[in-house]
Amino acid sequence: MVIDIDASRATIEQRTGTERYSREVIAALDRLAPPQISLRLYINGGRERLPPLSSRVVIRDVRLPRLWTHLRLGPTSWLARPHVLFVPAHVVPLLHPPTVVTIHDVGYRVFPAAHTARRRLELELTTYWSVRAARHVLTISHATKRDLVAWYGVDPQRITVTHLGVSAGFAPPADPQAIAEVRMRYGIHRRPYVLYIGTVQPRKNLVRVIDALARTLTAGYDLDLVIAGKQGWLSEPIVRRAAELGITHHVHFTGYVADADLPALLAGAQAFVFPSLYEGFGMPVLEAMACGTPVITSTMSSLPEVAGDAALLVDPLDTDAIAWAIMRLCGDENLRTDLRWRGLARVRQFTWEECARRTLEVLTAV
Numbered sequence: 001m002v003i004d005i006d007a008s009r010a011t012i013e014q015r016t017g018t019e020r021y022s023r024e025v026i027a028a029l030d031r032l033a034p035p036q037i038s039l040r041l042y043i044n045g046g047r048e049r050l051p052p053l054s055s056r057v058v059i060r061d062v063r064l065p066r067l068w069t070h071l072r073l074g075p076t077s078w079l080a081r082p083h084v085l086f087v088p089a090h091v092v093p094l095l096h097p098p099t100v101v102t103i104h105d106v107g108y109r110v111f112p113a114a115h116t117a118r119r120r121l122e123l124e125l126t127t128y129w130s131v132r133a134a135r136h137v138l139t140i141s142h143a144t145k146r147d148l149v150a151w152y153g154v155d156p157q158r159i160t161v162t163h164l165g166v167s168a169g170f171a172p173p174a175d176p177q178a179i180a181e182v183r184m185r186y187g188i189h190r191r192p193y194v195l196y197i198g199t200v201q202p203r204k205n206l207v208r209v210i211d212a213l214a215r216t217l218t219a220g221y222d223l224d225l226v227i228a229g230k231q232g233w234l235s236e237p238i239v240r241r242a243a244e245l246g247i248t249h250h251v252h253f254t255g256y257v258a259d260a261d262l263p264a265l266l267a268g269a270q271a272f273v274f275p276s277l278y279e280g281f282g283m284p285v286l287e288a289m290a291c292g293t294p295v296i297t298s299t300m301s302s303l304p305e306v307a308g309d310a311a312l313l314v315d316p317l318d319t320d321a322i323a324w325a326i327m328r329l330c331g332d333e334n335l336r337t338d339l340r341w342r343g344l345a346r347v348r349q350f351t352w353e354e355c356a357r358r359t360l361e362v363l364t365a366v
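The letter at position 97 of the sequence shown is residue 97 when you use full-length UniProt numbering, and the numbering goes up by one with no holes.
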């Protein structure tokens, strides 16, 4: 059996959740697939950024600057006649062999203000096409599955949920000095801090997080907020909000943080704050738990499904609730310890091996 895989997302240098998923699930499929299954990866350059793979994996670098999915991936795979094509991120090529696609979220439906009108139309059309063109659809949460059934009329029998895992590097640092070094490197060593990691964009609810920090400071807590991630669409009002409140010396925008620095950055935080308005899964929540960091997250979309009873859940539209959760965690060492242990236990339920096993079941069935 031959499985073709769109590996283009796995070669992206600055990885966010979708790219991390592509990279990890490909590596886990390579580890788990039996010898009679061949894996053939298609990339658009960046071969050196693929994960370590076995010698049985064939890599085809078919480059094209634009429209790569439709003009390179689709025709090349179709001519190669695999048993199935696996697309880990959203878009099925117009010309394709039997295909399985992963739809991560439909956030543009829930929070349209986070996208331009052109981008919303593009996402709408590609999702509508992909869920109809694919033989089977994977989603990374039950929340996204419900969205596809409700908004796109997809038969729930054609959707399989494959929860994501936690990458091996996310764990409490063995050397406490690593935390001190990362704090010095990013200039966040002066005060205790709460941390957000992810793209800086409106649906991440960061304006309310900054407002909540201001209320926490007014209540007498001497804290910083560290916002780690590259700036996305409509990030300017988020950056500007700290200046409007006069707390710029308490809010640090680090930009994109390399994977190697994330565990120490997480482990050094008083709390990880992630009250997003919408998430297809919310991988940073699990990564924070894996590093022993107490988590504050949202009651919306997939986040309760991921966090379980191992985090403080807050209404993301209630700034006072976010501020209260920050103050409660920073002021209660027993609560921090309890959530730390709950989080470490919770993440053991999410592995890339299980994600890949369920994915492989679907691919072989198709």
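Glycine included, each C-beta is placed from N, C-alpha and C at the ideal position.
Original post:
What do you reckon, are the CB atoms on H163 and S141 nearer than 8 Å?
Top reply: Against the sequence shown, residue 163 aligns to sequence position 163. Against the sequence shown, residue 141 aligns to sequence position 141. Yes; because the gap between Cβ atoms is below 8 Å, this pair is in contact.
**OP:** Could you have a look at S55 and say whether DSSP puts it in helix, strand or coil?
**Re:** Counting from one through the sequence shown, the residue named residue 55 turns up at place 55. If DSSP states are grouped into helix, strand and coil, S55 belongs with coil.
Original post:
Where Q270 and L32 are concerned, what is the direct C-alpha to C-alpha distance, given to the nearest angstrom?
Top reply: Along the sequence shown, read from residue 1 onward, the residue named residue 270 stands at position 270. Along the sequence shown, read from residue 1 onward, the residue named residue 32 stands at position 32. When rounded, the distance between both Cα atoms is 37 Å.
Subject >> Rounded C-alpha distance that separates F281 from S55 >> reply: If you number the sequence shown from 1, residue 281 lands on position 281. If you number the sequence shown from 1, residue 55 lands on position 55. Distance between the alpha carbons of F281 and S55: 32 Å.
Original post:
Along the chain, where does the alpha helix (DSSP H) that runs through residue 375 open and close?
Top reply: A question about residue 375 goes unanswered here, because the residues of the chain that appear run from 1 up to 366.
Original post:
For L50 versus A7, is the C-beta spacing smaller than 8 Å?
Top reply: The count along the sequence shown starts at 1 and reaches residue 50 at position 50. The count along the sequence shown starts at 1 and reaches residue 7 at position 7. It is a contact, given that the beta carbons lie within the stated cut-off.
**OP:** Could you tell me whether the Cβ atoms of L85 and P75 are closer together than 8 Å?
**Re:** Here residue 85 corresponds to residue number 85 of the sequence shown, with the count starting at 1. Here residue 75 corresponds to residue number 75 of the sequence shown, with the count starting at 1. In this structure, P75 does not lie closer than 8 Å to L85 by Cβ.
**OP:** Alpha carbon to alpha carbon, how far is V87 from L138? Give it in angstroms, no decimals.
**Re:** Working through the sequence shown from its first residue, we reach residue 138 at position 138. Working through the sequence shown from its first residue, we reach residue 87 at position 87. Straight-line Cα distance between these residues: approximately 10 Å.
**OP:** Find out if the Cβ-Cβ distance for the pair A323, T216 is shorter than 8 Å.
**Re:** On the sequence shown, residue 323 is found 323 positions in, with the first residue counted as 1. On the sequence shown, residue 216 is found 216 positions in, with the first residue counted as 1. Against a cut-off of 8 Å, the Cβ pair of T216 and A323 comes out as a contact.
**OP:** Using alpha carbons as the reference points, say which of I12, V285, L329 and V101 lies closest to G308.
**Re:** Counting from one through the sequence shown, the residue named residue 308 turns up at place 308. Selected option, being the one with the closest Cα: V285.
Original post:
What are the partner residues of S38, as DSSP defines its beta bridges?
Top reply: The residue labelled residue 38 in the question sits at position 38 within the sequence shown. Its beta-bridge partners are V2.
Subject >> Classification of D175 by the beta-carbon crowding that lies within 10 angstroms, buried from 16 upward >> reply: Sequence index remark: in the sequence shown, residue 175 carries index 175 (1-based). Under this definition D175 is an exposed residue.
Original post:
Do the CB positions of I5 and L41 come within less than 8 Å of each other?
Top reply: One-based indexing of the sequence shown puts residue 5 at position 5. One-based indexing of the sequence shown puts residue 41 at position 41. Going by C-beta atoms, I5 is nearer than 8 Å to L41.
Original post:
Should the segment 142-157 be called in touch with the segment 167-185, which here means at least 3 C-beta pairs below 8 Å?
Top reply: no
Original post:
Run through DSSP, which three-state label would Q177 get?
Top reply: To locate residue 177, count along the sequence shown from 1; it is residue 177. Helix.
Subject >> the segment 215-232 contacting the segment 253-261, beta-carbon criterion three pairs below 8 Å >> reply: Here the segment 215-232 makes contact with the segment 253-261; the two share three or more CB pairs at distances below 8 Å.
Original post:
Between Q36 and I3, what straight-line distance do the alpha-carbon atoms span, to the nearest angstrom?
Top reply: As a position in the sequence shown, residue 36 is number 36, starting the count at 1. As a position in the sequence shown, residue 3 is number 3, starting the count at 1. Going by the C-alpha atoms only, they are around 11 Å apart.
Original post:
Three or more C-beta pairs closer than 8 Å, one from the segment 263-278 and one from the segment 286-293: is that the case here?
Top reply: With the cut-off at 8 Å, the segment 263-278 and the segment 286-293 touch.
Original post:
Ordered along the chain, which non-local residues of its own chain (more than five positions away) have a Cβ less than 7 Å from that of T126?
Top reply: Locating residue 126 in the sequence shown gives position 126, where the first residue counts as 1. Closer than 7 Å at the Cβ level, and outside the excluded window around T126, lie H90 and V91.
Original post:
Do you know whose CA, among N205, I159 and A113, lies nearest L317's CA?
Top reply: As a working note, residue 317 is residue 317 in the sequence shown. For the residues N205, I159 and A113, the minimum Cα distance to L317 belongs to N205.
Original post:
Hey, T160 and V362: beta-carbon distance below 8 Å or not?
Top reply: Translated into positions along the sequence shown, residue 160 becomes position 160. Translated into positions along the sequence shown, residue 362 becomes position 362. A contact, by the Cβ cut-off of 8 Å.
Subject >> Length of the line joining the Cα atoms of R119 and L329 >> reply: Within the sequence shown, the letter at position 119 stands for residue 119. Within the sequence shown, the letter at position 329 stands for residue 329. Those two C-alpha atoms are separated by around 38 Å.
**OP:** Would you tell me roughly how many angstroms separate the C-alpha atoms of R340 and H136, rounded to the nearest one?
**Re:** Looking up residue 340 in the sequence shown gives position 340. Looking up residue 136 in the sequence shown gives position 136. Approximately 37 Å, taken between the alpha carbons.
**OP:** Please confirm whether Y108 and L94 have their CB atoms less than 8 Å apart.
**Re:** Taking the first residue of the sequence shown as 1, we reach residue 108 at position 108. Taking the first residue of the sequence shown as 1, we reach residue 94 at position 94. The answer is no: Cβ separation not under 8 Å.
Original post:
In this structure, does DSSP put I140 in helix, strand or coil?
Top reply: Working through the sequence shown from its first residue, we reach residue 140 at position 140. Residue state, collapsed to three classes: coil.
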